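Inspection log for the structure reproduced underneath, given as structure tokens.
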Amino acid sequence: MCITMKKLAIFLSSALVLTACGGGSNNQTVSPIGSPNDQIDCNDQTQVNQSWYDFLTNNYLWPDELKSDINPADYSSTAAFLNAFRSDNDEYSFVLPTEQWQARTQGNVFGYGMSLDYSEANDYIRVIFVFKDSGAELGGLARGSRITEIGDNSASDIISWAKSGDARFNQVFGPDTEGHQINIKWLSPNDTEHTASITKGSINANTVMATTSIDTNIGKVGYLSFQHGFNQPSAKELDVAFTTLRQANVSELILDLRYNGGGRVDISGRLAAYIAGQQTKDQVYLNYIYNNTVQQSIIGEYGQDALVRRFDDASLFDPELGASNFATIYNNALNLNRVVILTSAATCSASELVINGLAPYIDVVTIGSTTCGKPAGMVPTPMCDETMVALNFQTTNADNFGDYFQGIAPNCTVSDETVKDDWASLNDTAYATAISYLEQGSCPVTAASQGYRPLQSTQGLAY
């Protein structure tokens, strides 16, 4: 089939992956047919490319769209081969050194720990968020800060270099050396000027950025900012976050996924279960769809139910996460009949899976801008110290719906997505719109037609 995927504005380091990982004993992780032939000389790139050629021919989601006439010997790296071989409609498949892939899924990053937006203005760089205990946070930077200088470079010069691809941009943040420092000048949301020296280093990146609640005229509304992936540590973070929300006795929830590019299926299922609670217990969360050959092989060997993931331990619980099982999740769940989710073009993959997976069970209201449009995912496959993360499957929800390759359009479109302040601030237009929607029952008249669209070339974490 031919599917047109629109271009995604992403964070450069986001894990834009829906991965079939984790699980219990009931055939939880169903692998594609076979594995690449690893009985090869890993120093011979032609052999490596040929092995991946054979593997993808059998296991790629859209095998008919692969460039079957290419010569694997013509490419000097696996990445170059994959880029040439994959479907023209596939912007997502990639390959990484296995060590780097493992670090990514474990939530380990290296840098100053701040996500930056260079596209908002010409004279400052906006801080989208910072990681806990990172050099950026310890230096005093926070969501909403406006950087005006880095070292001896003005923000206007840095922005110009970033947009033009000038080599000087790569020198701004210094070498990837533990302990390297840069001097930064910035303005806080109240226009107070600050300067600090921040340090580059290894970071255990948190995905829960904020958990809080607010009293409104319809009761207590909870807020959860969940960004930068559905990674291994996310499971425990969500356990803590929902314990906090449960103890606060919230009757509504605003879930902020505006900067979450996706990750593990099982983590997304845990998040959905925490929100909807008992009404999802043992029910279908998603159905996997592979290419016809893989699909029939799985059904023949394991049965049709092997393609179904339910809200239970057998389908979505991975004991290696060290987090709550589903019995505990349901004891601490919010049991909501509605959730409001903040979205953007960077809301992708597993984030969209939460939206689509909850839709058959509760009212899901999205506020912001259209999501990226990726109801497809990957089974990460290692060979020769590299991990291929190529599109292997599509998903549908309990109603068998999964056709959102054009993205999930918001119920209330927000035109102003400028990051003006920290999380859960009424200065945040999307958050304020969500509160207004919950109190008034409709989209405010200020909602307009254009949402958050960061530039792909200049949007990401500064490492």
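With mature numbering (1 follows the signal peptide of the UniProt record, and there is no 0) as the guide, the letters of the sequence shown map in order to residues -22 to -1, 1 to 441. Don't be surprised by glycine CBs; every beta carbon is placed ideally from N, CA and C. Note that the structure is a prediction, hence the values are computed from the model and not measured.
(message) Helix, strand or coil, according to DSSP, for Leu44 in the structure here?
(response) coil
(request) Please report how far the alpha carbon of Leu34 lies from the alpha carbon of Val73, in whole angstroms. (result) 13 Å
(request) With DSSP as the reference, label Ile345 as helix, strand or coil. (result) strand
(message) Suppose only complete runs of 3+ residues qualify. What are the beta strand (DSSP E) ranges in the segment 153 to 191, listed by chain order?
(response) 159 to 165, 171 to 177 and 179 to 182
(request) Classify Asn334 as helix, strand or coil using the three-state DSSP reduction. (result) helix
(message) Given a cut-off of 9 Å on the beta-carbon distance, is the pair Asp399 and Ala337 in contact?
(response) no
(message) Just to confirm the assignment, what range does the beta strand (DSSP E) spanning Tyr236 have?
(response) In the sequence on display, residue 236 carries Arg and not Tyr. From DSSP, Arg236 is part of no beta strand (DSSP E); its letter is neither H nor E.
(request) Report the residue from Arg248, Glu298 and Ile333 whose alpha carbon sits nearest the alpha carbon of Tyr308. (result) Arg248
(request) Return the chain-ordered ranges of every beta strand (DSSP E) run that is complete within the segment 217 to 274 and spans a minimum of 3 residues. (result) 230 to 234 and 262 to 267
(request) Determine the closest residue to Gln257 out of Ser93, Leu404, Asp95 and Gly335, with distance taken between C-alpha atoms. (result) Gly335
(message) I'd like the list of long-range same chain contacts for Ser55, defined as Cβ closer than 8 Å, with 5 residues on each side in sequence excluded.
(response) Gln23
(message) Closer than 8 Å is the cut-off here; do at least three beta carbon pairs connect the segment 199 to 218 with the segment 399 to 412?
(response) yes
(message) For Asn390, count the other beta carbons within 10 Å of its own beta carbon; 16 or more makes it buried, fewer makes it exposed. Which is it?
(response) According to the sequence as given, residue 390 is Cys; it is not Asn. Its Cβ being crowded by 16 or more others within 10 Å, Cys390 is buried.
(message) Beta-carbon within less than 6 Å of Ala250's beta-carbon, same chain only, minus the 5 sequence neighbours each way: which residues are those?
(response) Val332, Gly335 and Leu336
(request) Kindly confirm or deny that the segment 94 to 110 and the segment 170 to 178 touch, where touching means at least three C-beta pairs closer than 8 Å. (result) no
(request) Could you name the residues of the same chain whose beta carbon sits closer than 6 Å to that of Ser246, not counting the 5 residues immediately before and after it, in chain order? (result) Phe208, Ala328, Leu331 and Val332
(message) Tell me the rounded alpha-carbon separation between Val343 and Thr185.
(response) 22 Å
(request) Compute the Euclidean distance between the alpha carbons of Ile340 and Thr359, then round it to the nearest angstrom. (result) 35 Å
(request) With a 10 Å radius around its C-beta and 16 neighbouring C-beta atoms as the bar for buried, classify Lys352 as buried or exposed. (result) buried
(message) So the candidates are Thr348, Val367 and Asp363; which of them puts its Cα closest to the Cα of Tyr382?
(response) Thr348
(message) I'd like the span of the alpha helix (DSSP H) that includes Glu417, first residue to last.
(response) Thr407 to Gln418
(message) What does the alpha-carbon distance come out to for the pair Val8 and Ile106?
(response) Summary for Val8: the model assigns pLDDT 49, below 50, so the residue's position carries little reliability; its value from the coordinates is reported in the next sentence. Whole-angstrom Cα-Cα distance: 37 Å.
(message) Excluding the 5 residues flanking Asp260 on each side, which residues of the same chain have their C-beta closer than 8 Å to its C-beta?
(response) Arg288, Phe289 and Asp290
(message) So, for Ser414: in the same chain, excluding its five sequence neighbours on each side, which residues have a beta-carbon less than 7 Å away from its beta-carbon?
(response) Pro422
(message) In whole angstroms, give me the CA-to-CA distance for Tyr252 and Gly241.
(response) 17 Å
(message) Rounding to the nearest angstrom, what Cα-Cα distance links Ala145 and Gln282 in this structure?
(response) 53 Å
(request) Could you work out which residue in Met92, Phe88 and Gly380 is closest to Thr155 when comparing CA atoms only? (result) Phe88
(message) Three Cβ pairs or more, each shorter than 8 Å: is that satisfied between the segment 403 to 412 and the segment 313 to 320?
(response) yes
(message) By alpha-carbon positions, which one of Ile232, Lys110 and Asn375 ends up nearest to Ile345?
(response) Ile232
(message) Under 8 Å: do the segment 367 to 375 and the segment 126 to 142 share three or more Cβ pairs, one atom per stretch?
(response) no
(message) Using only the alpha-carbon positions, how far apart do Asp47 and Val357 sit?
(response) 25 Å
(request) Work out the CA separation of Gly91 and Gly385 for me, nearest whole Å. (result) 29 Å
(message) Could you tell me the alpha carbon to alpha carbon distance between Ile196 and Lys163, rounded to whole angstroms?
(response) 42 Å
(request) Go ahead and pull the three-state DSSP assignment for residue 461. (result) In the structure as shown, the chain starts at -22 and stops at 441, and residue 461 therefore has no counterpart that could be examined.
(request) Find the nearest neighbour of Ser13 within the set Asn36, Val262 and Gly117, judged by alpha-carbon distance. (result) Asn36
(request) Determine, using beta carbons only, whether Val367 and Ser71 come nearer to each other than 9 Å. (result) yes
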